[in-house]
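Engineer: Okay, here's the structure, questions in a sec.
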Amino acid sequence: MTAELTPSMEATTPRAAARAATLRRARPNGWWGMALLIATEATLFGVLIASFFYLRFKNPHWPPAGTPKPKLLVPLVLAGVLVSTSVPMQIAASAARRGRLGLTRLALGASLFVGAGYLAMQIDRYAVSLRTLKPQESAYASIVYVLSGGHHAHVAVALLLNAFLLMRLSRGMTNYRLIAVQSVALYWHFVNVLALVVTATLLSAAA
Amino acid sequence: MAIDLPIPALRRVRRLDAIWAETPGIVGFFTTVNHKRIGRRYFVTAFAFFVAGGVEALLMRTQLASAENHVLGPKAFDQAFTMHGVTMIFLFVTPMLSGAFGNYLVPLQIGSRDMAFPRMNALSYWTYLASGLFIYSGFFLGDGPSAGWFNYVPLSAKTYSPDLGIDFYNLGLIFLAVSSTVGATNFIVTIFKLRAPGMSLNRMPLFCWAILATSFSLVFALPALTAANVMLELDRKLGFQFFERSRGGDSLLWQHLFWIFGHPDVYIIFIPAIGIVSSIIPTFARRPMVAHNWLAISTVLTAFIGFGVWVHHMFATGLPQITMVFYAAASLVIVVPSGIQVFGWCATLVKGRPELKTPLLFTLGFIVTFVVGGLSGVMFAAIPFDQQVTDTYFVVAHFHYVLFGGAVFPIFAGIHYWYPKVTGRMYGERLGQASFWLFFAGFNLTFFPMHVMGLLGMPRRVYTYPAGMGWDAYNLIATIGAFLLAGSILLVVANLFGSAFVGRVAGPDPWGGETLEWATTSPPPEFNFPVVPTVRSVSPVWDRPDREEDEHRLQRGELVLDAGHETPATTVLDGELDEVLEMPGESWSPLLLALSLSLVFTMLLTSHYIVAAIAVGLGGLALASWHLKEPQDA
């Protein structure tokens with residue numbers, strides 16, 4: 601009875617890995633691990649966002665007098681671009697599950713490319729805004745830089761995961777890597793949702 | 245393993261022995277991922293921190309034994325009570341309960357051969373050890389944290405605490421959060437995925453329910469502490485303004501964030517302890533737990549409601565009335581699930597035939613002290629009373645009844661209960677019982693007078709007090725009690741240490757326990773069970789036919805899983821066999837990652853940010869090396 605339960609060990613081709621994924625009834629351990637990491641990270645950002653509004657309601661002016669209100673257009677466009685990368689990421693996950701290694705790599709590469717462009721622009725904007733608004737100026741500036749910096753760090757981690765995965769997939773597909781594709785896709789979606797929430801929070805100061 | 249097995253069975257066991265054997269010597273020491281070895285390590289380390297925290301307590305009690313004493317100066321006293329709190333809460337209780345008991349017992353109780361992520365388990369231990377040493381290094385350098393275990397701003401701001409003590413606290417706790425998060429994730433996935441075939445969630449031992457609830461609490465509570473520590477450290481190191489009033493910051497923000505973590509943490513400490521109690525009571529009452537499912541549900545409910553009561557630590561900070569009333573109500577509601585548990589334990593004992601062995605004595609001691617602590621706890625939900633006794637010794641008395649009574653009594657019960665399983669030998673029963681009575685007397689002598697001291701107005705955290713306030717006698721009694729308590733702990737240590745050499749051989753199941761750890765040898769083999777056990781009730785060891793069937797399976801070679809480091813994975817709710825997993829073996833990566841993180845935090849502490857960034861890169865390399873080795877390469 602155990603023989604038919606162990607295809608995952610020998611699953612070292614795209615098709616065998618896909619078959620193992622289809623036979624498995626529960627989510628794999630790696631997926632659960634990632635889901636819990638996301639849960640704790642989402643809580644971390646929940647706490648930071650709660651702190652943002654807590655400080656806002658403790659301050660008569662938000663942003664404080666003399667600090668410019670955030671501009672709306674560019675951050676919204678950028679967030680939209682980042683969120684669109686969830687499409688290729690989902691394509692990568694489902695292609696891996698169907699045993700199509702080539703498509704998986706192509707879709708991962710596409711989201712990596714767009715994501716890297718996004719991060720480069722954001723780092724530039726971060727550096728530029730540091731010239732006019734210092735985080736040491738006010739509680740407003742402090743929480744804005746921590747929230748946006750934290751978000752950018754998460755994008756960077758997602759990009760690194762994606763790049764590492766592409767490197768591993770260049771040597772073929774295994775059961776282990778297939779679970780990694782699914783988990784990284786999950787993380788990637790989380791980072792994109794985070795982008796929307798963080799952007800909305802920061803832009804709420806414009807109102 | 246037993247040598248009187250029939251030949252085919254013996255051959256299979258030998259094969260498993262060879263597959264699961266670890267590299268001997270120093271290399272194996274650093275690379276092990278075995279959950280029992282890591283659990284034992286957690287035990288030794290957490291116990292060492294317990295001793296350190298205890299010595300700090302004795303120093304404080306000696307200083308306070310009489311009025312205007314000169315054992316510790318104000319600075320040393322401040323560091324002593326801060327380190328005492330930090331040590332006991334962060335470095336002793338949680339690592340002892342989840343790290344030591346959880347690691348050793350959860351895989352055994354659910355019939356698995358390892359944790360879901362064995363290398364993460366090693367990482368969790370190494371980061372715990374490193375962060376503990378990190379926090380203590382400040383104390384030993386004379387620069388320990390000194391703003392209390394909850395480290396309130398503005399006292400902990402740069403202006404009022406300019407030395408590095410608070411930085412050790414902030415960075416050390418962020419570091420420790422890595423360990424706790426990794427550990428909690430591992431427990432949740434292990435419990436969800438690696439249960440023995442047939443162990444649906446409603447057949448799971450209550451100790452595993454407790455670890456599951458605690459782990460979820462950790463996942464959702466720790467980020468608040470981490471966020472608070474990051475903000476305060478940014479304020480201190482880089483001049484951010486989160487807590488600075490004049491720049492729009494707010495010092496109460498720290499209190500909110502800290503207690504959003506801090507109150508769930510009370511349950512994080514307490515819930516695994518009641519898991520131990522729920523393991524011991526059915527064994528010694530010789531019947532299954534009354535209302536097993538209700539107890540499981542109330543464990544989860546306690547953890548959940550624990551997130552809604554944090555403001556009761558802040559009733560004296562001038563919050564709006566309506567806010568306080570809400571939290572006062574929530575603080576009353578949480579009595580309900582705790583009450584269900586107490587009634588469940590008592591009913592089980594009444595309906596069974598209890599045997600008063602040492603583990604049960606410590607358990608009964610727990611019930612008594614916990615009810616006393618619970619009653620003084622309910623009083624705080626009455627806001628006027630709370631405001632009267634805030635920051636007095638009444639609070640100190642209350643939380644020691646809840647934390648010492650609620651966690652340390654069960655820990656000592658658990659130590660005696662599972663000692664034969666871990667060492668293979670029995671502890672000395674008469675010495676065990678004697679040490680319990682000394683322990684119980686010492687505890688009450690130390691902490692009961694503190695209720696009175698508090699009502700008489702003695703504030704917490706004072707390093708000395710004038711004579712003639714009516715506090716002297718109570719303080720002296722408390723100090724005598726503290727030394728009695730320390731003496732009883734020495735007795736326990738002597739008993740356990742000596743019995744490891746001269747104790748009677750215990751055999752697999754000295755107590756007639758119901759859960760699966762008693763179905764294997766003492767100590768268990770590296771692979772825990774030669775045959776993956778199957779389960780059909782909450783008391784699998786009491787289902788004799790199932791365990792006899794295990795032996796037949798071993799003969800026939802069914803469910804032996806001896807093709808590699810194998811353990812079965814089952815479905816999340818029903819525990820149906822789903823997959824056979826190949827578990828990772830020994831690895832250097834966890835230790836290397838923990839060392840990189842130590843370097844990161846040390847460099848942040850000393851403000852070498854470039855080196856810290858490089859160390860982050862080293863950590864990334866360690867992680868990459870971790871994932872380069874896949875199961876099929878083994």
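Which chain is which? The protein sequence lines are V and L, in order.
Take 601 as the starting number for the first sequence in our numbering and just add one per residue.
Take 245 as the starting number for the second sequence in our numbering and just add one per residue.
From the three backbone atoms N, C-alpha and C, an ideal C-beta is built for every residue, glycine too.
Whether or not the region 456-466 of chain L and the region 368-379 of chain L are in contact is what I'm after, with contact meaning three or more pairs of Cβ atoms, one per stretch, closer than 8 Å; do they touch?
Structural biologist: They do not touch, by the three-pair rule.
Engineer: Interface residues of chain V around A529/L at Cβ under 9 Å?
Structural biologist: Identification of chain V residues near A529/L by a Cβ-Cβ cut-off of 9 Å yields none; the smallest Cβ-Cβ distance measures about 35 Å.
Engineer: If you run the structure through DSSP and keep just helix, strand and coil, what is V824/L?
Structural biologist: When DSSP states are grouped into helix, strand and coil, V824/L belongs to the strand group.
Engineer: Quick check: P777/L and P784/L, are their CB atoms within less than 8 Å of each other?
Structural biologist: Yes, Cβ-Cβ distance for P777/L and P784/L is below 8 Å.
Engineer: Short of 7 Å in beta carbon distance, which residues of its chain neighbour F321/L, apart from the five on each side in sequence? Order them along the chain.
Structural biologist: M304, Q307, Y707
Engineer: Can H556/L and F624/L be called in contact, C-beta distance under 8 Å?
Structural biologist: Pairing H556/L with F624/L gives a Cβ-Cβ distance under 8 Å.
Engineer: Since G650/L and F614/L are thought to touch, with beta carbons under 8 Å apart, how far apart are those beta carbons, to the nearest angstrom?
Structural biologist: 5 Å
Engineer: Taking Cβ-Cβ distances shorter than 7 Å, what residues in chain L pair up with M609/V?
Structural biologist: E826, P875, Q876
Engineer: Does the region 647-654 of chain V come close enough to the region 840-860 of chain L to have 3 or more Cβ pairs within less than 8 Å?
Structural biologist: no
Engineer: Can you pull out the residues from the region 633-649 of chain V whose beta carbon lies closer than 7 Å to at least one beta carbon of chain L?
Structural biologist: G633, L636, L637, A639, T640, T643, L644, V647, L648
Engineer: Classify E641/V as buried or exposed, calling it buried when 16 or more other Cβ atoms lie within 10 Å of its own Cβ.
Structural biologist: buried
Engineer: Could you tell me the boundaries of the alpha helix (DSSP H) in which E792/L lies?
Structural biologist: Note, E792/L: alpha helix (DSSP H), 788-800.
Engineer: For D407/L and I379/L, what's the separation of their Cα atoms in angstroms?
Structural biologist: Each residue's alpha carbon lies about 14 Å from the other.
Engineer: Excluding the five sequence neighbours on either side, which residues of its own chain have a C-beta within less than 7 Å of the C-beta of I724/L, listed in chain order?
Structural biologist: Its chain contains L689 as the residues whose beta carbon lies nearer than 7 Å to that of I724/L, once the 5 sequence neighbours on both sides are disregarded; these appear in chain order.
Engineer: So, using beta-carbon positions, are M359/L and N430/L closer together than 8 Å?
Structural biologist: Cβ distance < 8 Å, so M359/L and N430/L count as in contact.
Engineer: Name, please, each residue of chain V whose Cβ falls closer than 7 Å to the Cβ of F436/L.
Structural biologist: W632
Engineer: Three-state secondary structure (DSSP) at P221/L?
Structural biologist: Outside the displayed span of chain L (245 to 878) sits residue 221/L, for which this structure offers no information.
Engineer: Quick one: what's got a C-beta closer than 8 Å to A722/L's C-beta in the same chain, skipping five residues either side?
Structural biologist: R305, L308, L689, T690, F691, P693, M694, M697
Engineer: Closest to T667/V by CA distance: which of K734/V, V781/V, R627/V, L701/V is it?
Structural biologist: K734/V
Engineer: From V746/L to S766/L, what does the alpha carbon distance come to, in whole angstroms?
Structural biologist: So the alpha carbons of these two residues sit roughly 16 Å apart.
Engineer: Determine contact between the region 473-488 of chain L and the region 739-756 of chain V, defined as no fewer than three beta-carbon pairs at a distance below 8 Å.
Structural biologist: yes
Engineer: Using a Cβ cut-off of 8 Å (strictly closer), state whether T602/V contacts chain L.
Structural biologist: Here the model assigns T602/V a pLDDT of 47, short of 50, so the residue's position is not dependable, and the following value carries that caveat. Answer yes: the Cβ-Cβ gap between T602/V and chain L drops below 8 Å somewhere.
Engineer: For E599/L, which of helix, strand or coil comes out of DSSP?
Structural biologist: Assigned with DSSP and collapsed to three states, E599/L falls in coil, not helix or strand.
Engineer: Find the nearest neighbour of A472/L within the set D411/L, L335/L, P532/L, judged by alpha-carbon distance.
Structural biologist: Minimum Cα distance to A472/L is reached at D411/L.
Engineer: Go to A813/L, then tell me how far its beta strand (DSSP E) extends in each direction, as first and last residue.
Structural biologist: 810-814
Engineer: For Q353/L, which residues in chain V fall below 8 Å Cβ to Cβ?
Structural biologist: Ordered by position in chain V, no residue passes the 8 Å Cβ test against Q353/L, which lies about 19 Å from the chain.
Engineer: Assuming Q499/L contacts Y396/L (C-beta within less than 8 Å), just tell me the rounded distance between them.
Structural biologist: 7 Å
Engineer: Quick check on the DSSP output: what are the complete alpha helix (DSSP H) runs of length 4 or more inside the region 316-360 of chain L, in order along the chain?
Structural biologist: 318-330, 347-353
Engineer: With three or more C-beta pairs closer than 8 Å as the rule, is the region 602-617 of chain L touching the region 647-666 of chain L?
Structural biologist: yes
Engineer: Just verifying my parser: in three-state terms, what is the DSSP assignment at R669/L?
Structural biologist: strand
Engineer: Using DSSP with H/G/I as helix, E/B as strand and the rest coil, what is T403/L?
Structural biologist: coil
Engineer: Is there contact here, the region 736-745 of chain L with the region 346-366 of chain L, by at least three beta-carbon pairs under 8 Å?
Structural biologist: In the pairwise beta carbon analysis, the region 736-745 of chain L is classified as not touching the region 346-366 of chain L: fewer than three pairs are separated by under 8 Å.
Engineer: Comparing the C-beta of Q485/L with each C-beta of chain V, is any distance below 8 Å?
Structural biologist: Yes, because at least one Cβ of chain V sits closer than 8 Å to the Cβ of Q485/L.
Engineer: Within 10 Å of its beta-carbon, does G712/L have 16 or more other beta-carbons around it, so buried, or fewer, so exposed?
Structural biologist: exposed
Engineer: How should A540/L be labelled, buried or exposed, when 16 other C-beta atoms within 10 angstroms of its C-beta is the threshold for buried?
Structural biologist: buried
Engineer: Residues of the region 773-784 of chain V in Cβ contact with chain L at a cutoff of 8 Å, in chain order, please.
Structural biologist: T774, N775, Y776, R777, A780
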